[in-house]
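Colleague:
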Ligand SMILES: [Zn+2]
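Numbering (the numbering used here), first residue to last: 2 to 273.
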């Protein structure tokens, strides 16, 4: 499933592949029952609009147009291809651009979806309203922000970190790795976080996500096959998926606890 860094990789790929001043000529929808139905008059809304650029918010990929924003969520298996030589099963959506380029959205499991949001209020839409800051946004995702959000919370630190209202896009792997690097146990109560620990955690989350984005950038050349290959598998993982193995820092065996139904890996010696 594409995580925030992979969606960012796709965004960068699209930004490189679409020429400045290109526009959407026509839209063809082959299947309307994606995770949510393709909106009524979606094709007409997009057609004729200039592509201003590409943005991302959490895991939402955003084609910014003249008059609105075309939102594409990749779900679990969504990918975009440019000028594919042949059509495939599960090609649900096609954009024909003014330049002659064609972009095709494929999604076998159909957990992805699309929407069209009018400017200028698109950021207040239901998709974004409740989202916390981006993990790489230095001005909004700060130690103070995390500290204030955690006050009075009895939830585990890991669940707290994976709650989109506190910060977006910190998936299971990233949460586990950042908590290890900050020396904090995933089971610790969020409300017990000190200011210094909150700051340290913010720094580690930032670093882990940033590194994954940079690793994702190396897969850009495979963009046409992908949304696919992920940044984090190319990274050295300290604890994630390494239950029973020796911690790289202290050699004590990595443990695994289940928190809100998810495997949570930690070093019982390095993290307290
Ligand atoms: Zn250790």
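Cβ atoms here follow ideal geometry from the backbone N, Cα and C, with glycine treated the same way.
(1) If residue 170 and residue 210 are in contact, beta carbons under 8 Å, what's the gap, nearest whole angstrom?
(2) Looking only at DSSP bridge pairs, what is residue 24 linked to?
(3) What do you reckon, is the C-beta of residue 19 under 7 Å from a heavy atom of ligand 1?
(4) When the Cα of residue 159 is compared with those of 187, 132, 17, which residue comes out closest?
(5) Should residue 257 be counted as a contact of ligand 1 given a C-beta to heavy atom distance under 7 Å?
(6) With a threshold of 8 Å on Cβ separation, who are the neighbours of residue 130 within its own chain once the five nearest residues in sequence on each side are excluded?
(7) Is DSSP giving residue 188 helix, strand or coil here?
(8) Just the residues with CB closer than 7 Å to a heavy atom of ligand 1, in chain order, which are they?
(9) Quick check: the Cα distance between residue 208 and residue 101, rounded to an integer number of angstroms?
(10) Mind checking which residues open and close the alpha helix (DSSP H) that includes residue 174?
(11) Note down the Cα distance separating residue 244 from residue 72, rounded to an integer number of angstroms.
(12) Alpha carbon to alpha carbon, how far is residue 156 from residue 2? Give it in angstroms, no decimals.
(13) So, with DSSP's three-state summary, where would you put residue 93?
Modeller: The answer reads as follows:
(1) Position 169 of the chain shown holds residue 170. Position 209 of the chain shown holds residue 210. Sure, about 7 Å apart at Cβ, within 8 Å.
(2) In the chain shown, residue 24 corresponds to position 23, counting from 1. DSSP, once it has assigned bridges, lists 51 as partnering residue 24.
(3) Here residue 19 refers to the residue found at position 18 when the chain shown is read from its first residue. Checking the Cβ of residue 19 against ligand 1 gives no.
(4) Numbered from its first residue, the chain shown carries residue 159 at position 158. Ranking 187, 132, 17 by Cα distance to residue 159 puts 187 first.
(5) Within the chain shown, residue 257 is the residue found at index 256, counting from 1. It does not: the Cβ of residue 257 is nowhere closer than 7 Å to a heavy atom of ligand 1.
(6) Looking up residue 130 in the chain shown gives position 129. No residues qualify anywhere along the chain.
(7) Within the chain shown, residue 188 is the residue found at index 187, counting from 1. In the structure shown, residue 188 sits in coil (DSSP, three-state: anything other than H, G, I, E or B).
(8) 248, 250, 251, 253, 268, 270, 271
(9) As a working mapping, residue 208 is identified with position 207 in the chain shown. As a working mapping, residue 101 is identified with position 100 in the chain shown. Roughly 39 Å separates the two Cα atoms.
(10) As a working note, residue 174 is residue 173 in the chain shown. Where residue 174 is concerned, the enclosing alpha helix (DSSP H) stretches over 173-183.
(11) The count along the chain shown starts at 1 and reaches residue 244 at position 243. The count along the chain shown starts at 1 and reaches residue 72 at position 71. Going from the Cα of residue 244 to the Cα of residue 72 covers about 38 Å.
(12) Against the chain shown, residue 2 aligns to sequence position 1. Against the chain shown, residue 156 aligns to sequence position 155. If I take the Cα positions, the gap works out to 25 Å.
(13) Against the chain shown, residue 93 aligns to sequence position 92. Strand at residue 93.
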